[in-house]
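K.L.:
Here the sequence shown is numbered in numbering that gives the first Met the number 0, starting from 0 and rising by one per residue. Where a beta carbon is used, it is the ideal one built from N, C-alpha and C, also for glycine. Values in this document were obtained by computation on a predicted structure and should not be read as measured data. Starting off with a structure, shown below.
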Amino acid sequence: MQARRMRTITATMAVVLAMAPFTGAQAQSLRADDRAYFASATAEQAARDELGKRVEALQQASTLAPAERFHQAEVLEAQCLRHHSYLHLQAARNARDLRPAQALDQVMGLCSRIARTGRAALREAPAGAAWAAPYAFLRARALKEAAAPANTALDEAVEALADPALDSFARLRGQILRSAEYPQIERDGRHWDTGHDKQALAQQQDRALREAGWKGYWQGLHSRREPMASVLLGLVQVNDAAARLQGDGSAPARGYQRMGLDASAVDATLQAIERHAGDRRAYQDMLLHHAARSGIDAPQIWDTTVPDTGYTPPVLTLAQLRDNAADAMQHLGPTYVAELRALLDPVNQRMDLATEQGNRSHDAFAVNAPGAPAMLYVGVRRGDLESDVEIAHEAGHAMHGEWMQRGHASPLQRNGSQWLTEAFAIYNELRFRDQLYQQAQDPRAKAYYLKSLLDDMVLQLFTSSEEAQLEQSIYRGVAAGTLGTADDLDALTGQVLARFGQDPERYPQLRNSWIGKRLMFEDPNYLVNYLYAGLLAVQLYVQDQRDPEGFRERYLAVLGEGFDRAPTEKVTQLLGHAPDWPALVDADLQVFNQTAAQLQALHAQVEAGQGVRTR
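This is the structure in structure tokens:
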């Protein structure tokens, strides 16, 4: 999934050039060669029709032995995953054409039917059947389902009504935001849109331009707060009602359950993060103090996103991106590195990137399926650090798929806990940032990359926590009848942000943050995944430095086996002990504070004039 990030650039002539539209080697648009999945859209349609017939036949084949029925389900699921990847890519390339998305919905239904057939076969397997032994976790889940059978007819009816409604809410959210009234800025012959150009504006050396960009972005969101409130509150009502009809309690409780978490565990983790809110405030104060010592009078939040004067972050070519991403993962061994290089080498046509939005979905994801090479899609590569980190993140997802293929993971065990999946991808992006930091020489460059690493930790730990808490609180408020207006959402958001170290009193615009939480609208109750993913990813980042060889062995073993065990068992193997999430919060924040101290030392060097100015 796409991360939420902001980063920096300067306003000297060199920066003007860097901020200009992508040209030359950097301006490379790539189209992934999806013929490895299907020769054409027509071929995919024909294969999908045949797959539907085979799924129907398998569901009717009650006389087949459970082992044969299960293995046939595996074969069909592998084919279904191939369709899913192909259609996901087509739908993203042209978001205006709804046909691939509609076909994707059909495929998701087919995959679900196949998985249910496979689980039914496992339930029927005789106790101690040798063929079922590798699928013990999946069988346990199937038996648990049978012990508390769902009302299939009711579930299907609820989904038939709720899913299209939720999709409509998500599309409406996008339409409303596209009409938001973002202020336009004309400066030095350049036009700026404070919505579209918010990241670039945050990185300008011109302080007035940064301030105008920051305030303009929030003004644009505010211009649509009333219709956005109607969409969010309506979506929450539908989603929560659907969850309760299906017998899973509230929608957040249903989401946590599907993640292998429970509400009390989530609450305890959120409380642990909240106890460290002072660490986040201290980090923000450190950035403001550095800005003041660098000559900015009474610095504000928009003064903390710009590189030190005299340093212009480089724009990486795709070759440089590939090399840095590969170097970052050297400790995982030559095989992993070689496969990562192959993925990120444009000659292999496994990346789908563009430098202009066009009709492309503003999204980023990896696709993979048994027997096909993993690929990644990024709606727009902007050429800044955060855009390249996004590619490193999605490459982590793609490599996970590659490693499951290498480990011969069952197609029925390739999907599991999303927070564990996200942890592997976030780990890659942390390593990528660290690689850029380690190879930098100038204190300004090192400070820039180290700050990006710290900002990523803030994102994973604090922002993910406040988002999970906010979403949970919105559902509770709607159920209790205490939320009904945009003003209510603003007030609740301000309360949550303050609990996790932000300052909505000083910056009241932040109370509109709920408007920009894309996943609350597009993938309800997914956000908590990033909290647990981030907690684990920071520990992976630490462990690979403390015990490189032992970590490599553990990590690659877990990466390749699919989801054949409970996620907590996998975490236990990765960490060497059972996860205590509040204790993990404390350990991660210790790493965060140590890294912040390193940045403070670099700030002292920069303030003393020890950097080499770049042009």
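1) For Pro523, I'd like the list of residues in its chain whose CB is within less than 6 Å of its CB, leaving aside the five on either flank, ordered along the chain.
2) Going by the beta-carbon positions, is the gap between Pro617 and Ala120 smaller than 7 Å?
3) For Glu185, which beta-bridge partners are listed by DSSP?
4) If distances are taken between C-alpha atoms only, which option among Arg189, Phe168, Gly212 comes closest to Met227?
5) Going by the DSSP bridge assignment, what does Leu352 pair with across the sheet?
6) Report the residue ranges of all beta strand (DSSP E) runs contained in full by the region 364 to 442; include only those spanning at least 3 residues, in chain order.
7) Please report how far the alpha carbon of Ala264 lies from the alpha carbon of Ala341, in whole angstroms.
8) Can you grab the Cα-Cα spacing for the pair Gln412 / Phe562, in whole Å?
9) In whole angstroms, give me the CA-to-CA distance for Ala267 and Arg30.
10) First and last residue of the alpha helix (DSSP H) that includes Ala497?
11) Can you give the Cα-Cα distance for Tyr85 and Thr41, rounded to whole angstroms?
12) For the pair the region 191 to 202 and the region 432 to 441, tell me if three or more CB-CB distances fall below 8 Å.
13) Skipping 5 residues on each side, what residues in its chain have a beta carbon closer than 8 Å to that of Ile295?
14) Evaluate the contact criterion for the region 90 to 100 versus the region 132 to 145: three or more CB pairs, one atom per stretch, below 8 Å.
15) Three-state secondary structure (DSSP) at Ser464?
16) Roughly how many whole angstroms lie between the Cα atoms of Gln404 and Ala536?
17) Can you give me the C-alpha to C-alpha distance between Arg551 and Ser249, rounded to a whole angstrom?
18) Excluding five sequence neighbours on each side, which residues of the same chain lie with their C-beta closer than 6 Å to the C-beta of Arg47?
19) At which residues does the alpha helix (DSSP H) containing Phe520 begin and terminate?
20) Out of Leu509, Ala100, Gln59, Ala595, point me to the one whose CA is closest to Pro163's CA.
21) To which residues of the same chain is Gly117 closer than 6 Å at the C-beta, ignoring the five residues directly before and after it?
22) Measuring CB atoms only, is the region 470 to 479 touching the region 361 to 381, in the sense that at least three cross pairs come out at less than 8 Å?
23) Does Asp266 come out as helix, strand or coil in the three-state DSSP assignment?
24) Mind checking whether Gly400 and Asn367 have CB atoms under 7 Å apart?
25) At the level of alpha carbons, what is the spacing between Leu142 and Tyr554?
26) With H, G and I counted as helix, E and B as strand and the rest as coil, what does DSSP make of Val527?
27) Suppose you measure from the CA of Ser28 to the CA of Thr420; what does that come to, to the nearest Å?
28) Take Arg34 as the anchor and find which of Ala145, Pro372, Trp191, Leu208 has the nearest alpha-carbon.
29) DSSP three-state call for Asn511: helix, strand or coil?
30) Reducing DSSP to helix, strand and coil, say where Gly167 ends up.
31) Just to check my reading of the structure: Gly533 and Arg510 have Cβ atoms closer than 8 Å, yes? What is that Cβ distance to the nearest angstrom?
32) If contacts are defined as beta-carbon pairs under 8 Å, then Gly476 and Leu460 qualify, I think. What distance do you get, rounded to the angstrom?
33) For Thr311, which of helix, strand or coil comes out of DSSP?
34) Report the option in Met328, Tyr376, Ala337, Thr334 whose CA atom is closest to the CA atom of Gln348.
35) Are the CB atoms of Ala146 and Arg122 nearer to each other than 7 Å?
36) Give me the Cα-Cα distance between Ala485 and Gly233, rounded to the nearest whole angstrom.
P.N.:
Answer, in terms of the structure:
1) In the same chain as Pro523, and ignoring 5 residues on each side of it, the C-beta atoms closer than 6 Å to its own belong to Asn238, in chain order.
2) A query on residue 617 cannot be resolved here, the shown segment of the chain reaching from 0 to 614 and no further.
3) His190
4) Phe168
5) Leu29, Val377
6) 371 to 377
7) 40 Å
8) 5 Å
9) Rounded to the nearest angstrom, the two C-alpha atoms are 45 Å apart.
10) Note, Ala497: alpha helix (DSSP H), 485 to 498.
11) 12 Å
12) no
13) Arg206, Asp302
14) no
15) helix
16) Approximately 22 Å, taken between the alpha carbons.
17) 40 Å
18) His82
19) 517 to 521
20) Ala100
21) Phe69, Ala72, Leu411
22) No, they do not touch.
23) In the three-state reduction of the DSSP assignment, Asp266 falls in the helix class.
24) yes
25) 30 Å
26) helix
27) 28 Å
28) It is Pro372 whose Cα lies nearest to the Cα of Arg34.
29) Looking at Asn511 - three-state DSSP - the assignment turns out to be helix.
30) The sequence shown places Ser at residue 167, not Gly. Residue state, collapsed to three classes: helix.
31) Wrong, their Cβ atoms sit about 24 Å apart, outside the cutoff.
32) No, Gly476 and Leu460 are not in contact; Cβ-Cβ is about 24 Å, not under 8 Å.
33) coil
34) Tyr376
35) Contact: no.
36) Rounded to the nearest angstrom, the two C-alpha atoms are 12 Å apart.
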